[in-house]
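Protein chains in written order, with our numbering: chain A, 24 to 399; chain B, -12 to 516. Just so it is clear, CB atoms sit at the ideal spot from N, CA and C, and this is done for glycine as well. The block underneath contains the structure these notes are about, expressed in structure tokens.
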């Protein structure tokens, strides 16, 4: 994996420096006029294709991406999905070159790369990033055979992406501070006086925003606003992410928190079940608090290896890959017939709301709402 | 590193020839111009993206109460951390350079070592140990503990280098030791302290990892959030970055003014004597306790935290080949980054050290301004420029090194400027008068004289490159990973124990160059600049 090392004899560095210098000079002379218009998007990004570059000669030597390989931008972690890509290569003989970063960063990068992206497949941690790319015209429609493997509520209506795993919203609580009977029955209960200063939330986190988006879509903007204002009035504690909330609840800093279900299982796998105090409470009320978001996969419109891209998507929906997700991540496999991890309630029993995940691309409205009420 | 006062030149008997010598050479200027335009690439990108935005939305985001609060927090944090770093940095430098403190060399090394601890590692270590540190106070303390070496190193170099004659004159005129320190010594180290403070302020303004872990919402956090919340709409991140650039420009200009016009040069010719050593006596014990406390907090807490995670976690299956692979990639990237950055810094630093006027100044300041833009913006701008204008370089090693150069140019420029300013220009004139061509003078006189300082600057860039995460993630060749990106990979699945070995190796590898910088700073009297 370390191609970089052998490409660095001392003489090469000097040439590199020269090339880099020439690159800068070209840029400063060329300026940056006449670029493609509007916001970042994949449409019409071709305009700059021919702009001269002082380093064209470098191209032969520094090939950024090997054309022989399928390029995957993976918003899911190497620890987790790395073995799956390897298994795919073993089964199909298709070499995969994977770029790991968080989903939003990769979505931003893909939008910036536009039509020149080296990526063929994008694997995302959440539906929002997939929605942004679909909106930017970066994705192709998947075939019905692929889409039909997954229930309609867990894929894009336009067929641009397909869900791989489900991630349920839950309430995490500390049984030393609160008994199971006292726990909220719905999201509104979270803002009861008894929880003043005792609720951990992560308003900057996509999963929280997806949940608020669900309130907006299901119950209207006013309901979403009053829920958020309730959190502010009730002095909800703000954390950076789900993990931090879990830690806080586990340590007893706050009594309850709003997170995704699998974080607790990951922590238990890391430190041992006996060392985790915090427990899960599923609302199971058909409301936004029972939302099941997805991680999903899509094929880039510019994929130059479309067939292999489709093969990878097929593979990720195969029984072995879905089982792997279920066992390793404690998430819900979305292909029917693949069993969930033992300690989880069934996906159907969660009573997830009737909600089109494609609506998560209205996340911007939600984040503005969150800003307005002064959260995060 | 040797950020030391610019020496004014000895009176020149032939003013006319002096003016001729001062004519700014065209080649050097052109080179500096190229480097400066590289440094402002992120700004060009921001300007380009800003041009595509809807003006109403821009005004709305820029005047949002929330944006202004974030701005205020960024400024407050930068001011407090800079002030704190000044106190710790100048204080430890004075103790190391001017007193008879026991174990002086040890303290010299310990004062430089926090450089090896990435602020996100320190922040994580603190919040895991003491959850109450979240918020402004904690963020300020953690950043001060990580950043004060940026002040310590240049100030200690100056304290060892300046002529004690001024101080002696002051003392012989009946001024007390404390008053002499305040009136004379502090004035002498002012340029070095200001240069170090600038680096601290810029670092704090652009840092994301530590403030987000410590839950203090600065402008950088706002930029990252708005970017991750909706990658499709660039309005908020672009506008907020614009605000950040504005603050940075003010800071950079302010620093230039704070250097003042005082005279800091040596009196007369010959070599400076080492300054007189202050006998600490009864003050020794409390000072030692203070120094130990600072080092304990800056180095001990992260060390204990890493050790704890190494011991407790079950995910710590030591992936030795993985660690060695990531470590060698890190070292190669960082070394390449140091070389490229230092080479690029040469024309800007030399021009600024040898020539006055608006042009050299502008070039030097330009090299600084891009530094405060957060990594994600630098990375996106390079994605944009590479994809559109130099696709062959996209996601290749040269582009990663290039990103390091954009990010860390100020560290190298400051070092080159200071060390070139310390070597007398008269030697270059002699070489010129003997018929050497300018490039030959550069190669045979200027660079060898300034070499130790330039090397120290390169080492600083090396350390910073080792710790860099965001730009590396976006720009490194697909399939490679560094210690920092591996650390990120592991922590994002909460596999802290698996992350700990990467963090430990990262800190240990960075500690070697930091140790060298510290050892150099503790060398008594003669030796390097």
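Excluding the 5 residues preceding and the 5 following residue 361 (chain A) in the sequence, name in chain order all residues of the same chain whose CB lies nearer than 7 Å to its CB. Hits under 7 Å: 342, 345, 346, 349.
On the three-pair Cβ rule with 8 Å, is the stretch 112 to 120 of chain B touching the stretch 44 to 60 of chain B? no
Would you say residue 466 (chain B) lies against chain A (beta-carbon separation less than 8 Å)? yes
Does residue 460 (chain B) come within less than 8 Å of chain A when only Cβ atoms are used? yes
So with Cβ pairs under 8 Å, would you call residue 226 (chain B) a contact of chain A? no
Just to confirm the assignment: which complete alpha helix (DSSP H) runs, minimum length 4, are found wholly within the stretch 421 to 451 of chain B? Secondary structure remark: continuous alpha helix (DSSP H) runs of at least 4 residues inside the stretch 421 to 451 of chain B, in chain order: 425 to 428.
Which residue from A:295, A:338, A:398, A:366 puts its Cα closest to that of residue 119 (chain A)? A:338
Using a Cβ-Cβ cut-off of less than 9 Å, list which residues of the stretch 432 to 454 of chain B approach chain A; keep chain order. none
What separation, rounded to the nearest whole angstrom, lies between the Cα atoms of residue 234 (chain B) and residue 199 (chain B)? 20 Å
Contact under 8 Å by Cβ, residue 350 (chain B) with residue 343 (chain B): no
Within the same chain, show all residues whose beta-carbon is closer than 7 Å to that of residue 489 (chain B), passing over the 5 residues directly before and after it, in chain order. 310, 313, 470, 473, 474, 477
Drop a sphere of 10 angstroms on the beta-carbon of residue 106 (chain A), count the other beta-carbons inside from all chains shown, and report buried for 16 or more, exposed for fewer. In summary, residue 106 (chain A) is exposed, with fewer than 16 beta-carbon neighbours lying within 10 Å of its beta-carbon over all protein chains present.
Can you confirm whether residue 162 (chain A), when its beta carbon is compared against all beta carbons of chain B, has any partner nearer than 8 Å? no
Is it true that the CB of residue 226 (chain A) sits closer than 8 Å to the CB of residue 398 (chain A)? yes
What is the C-beta distance between residue 163 (chain A) and residue 121 (chain A), in whole angstroms, given that I count them as a contact (C-beta under 8 Å)? Contact between residue 163 (chain A) and residue 121 (chain A) fails: their C-beta atoms lie close to 20 Å from each other, not under 8 Å.
Can you pull the chain B residues whose beta carbon is under 7 Å from the beta carbon of residue 123 (chain A), in chain order? 476
Among B:106, B:82, B:107, B:210, which one has its Cα closest to the Cα of residue 97 (chain B)? If we check each option's Cα against that of residue 97 (chain B), B:82 comes out closest.
Which residues of the stretch 218 to 248 of chain A have a Cβ closer than 8 Å to any Cβ of chain B? Give them in chain order. For the stretch 218 to 248 of chain A, residues whose beta-carbon sits nearer than 8 Å to a beta-carbon of chain B comprise 227, 229, 232.
Which listed residue (A:235, A:140, A:110, A:393) has its alpha carbon closest to that of residue 325 (chain A): A:140
Using Cβ-Cβ distances below 8 Å, what residues of the stretch 98 to 115 of chain A are close to chain B? 100, 101, 102, 103
Relative to the C-alpha of residue 434 (chain B), which residue among B:407, B:503, B:72 is closest? B:407
Any 3 or more C-beta pairs closer than 8 Å across the stretch 34 to 52 of chain B and the stretch 419 to 433 of chain B: In short, these stretches do not touch, since the Cβ pair count stays below three.
For the beta strand (DSSP E) that contains residue 329 (chain B), what are its first and last residues? Where residue 329 (chain B) is concerned, there is no enclosing beta strand (DSSP E), although the alpha helix (DSSP H) it sits in stretches over 307 to 341.
Residue range of the unbroken alpha helix (DSSP H) whose run includes residue 345 (chain A): Counting along the chain, the alpha helix (DSSP H) containing residue 345 (chain A) begins and ends at 342 to 352.
Taking the beta carbon of residue 499 (chain B) as the centre, do at least 16 other beta carbons fall within 10 Å, making it buried, or is it exposed? exposed
Let me know the alpha helix (DSSP H) ranges lying completely inside the stretch 340 to 368 of chain B, each 4 residues or longer, listed in chain order. You should have 345 to 356.
Does the contact criterion of 3 or more C-beta pairs under 8 Å hold for the stretch 304 to 318 of chain A versus the stretch 366 to 376 of chain A? yes
Judging by CA-CA distance, which residue of B:440, B:449, B:462, B:404 is the nearest neighbour of residue 386 (chain B)? B:462
With DSSP run on the structure shown, which of helix, strand or coil describes residue 355 (chain A)? strand
Which chain B residues are close to residue 394 (chain A), counting only those with a beta carbon under 8 Å from its beta carbon? 51, 53
For residue 57 (chain B), three-class secondary structure by DSSP: helix
So that I know if they touch, is there some Cβ in chain A lying closer than 8 Å to that of residue 220 (chain B)? For residue 220 (chain B), the answer is yes, since a Cβ of chain A falls inside 8 Å of its Cβ.
Using a Cβ-Cβ cut-off of 8 Å, state whether residue 403 (chain B) counts as contacting chain A. No, residue 403 (chain B) does not count as interfacial toward chain A.
Going by other Cβ atoms of all chains shown within 10 Å of its Cβ, with 16 needed for buried, is residue 217 (chain A) buried or exposed? exposed
Could you tell me which chain A residues have their CB closer than 7 Å to the CB of residue 237 (chain B), listed as they occur along the chain? Within 7 Å Cβ-Cβ: nothing; residue 237 (chain B) doesn't reach chain A, min ~25 Å.
Under 9 Å Cβ-Cβ, which residues of chain C neighbour residue 202 (chain B)? Among the chains of the structure shown, chain C does not appear; the protein chains present are A and B.
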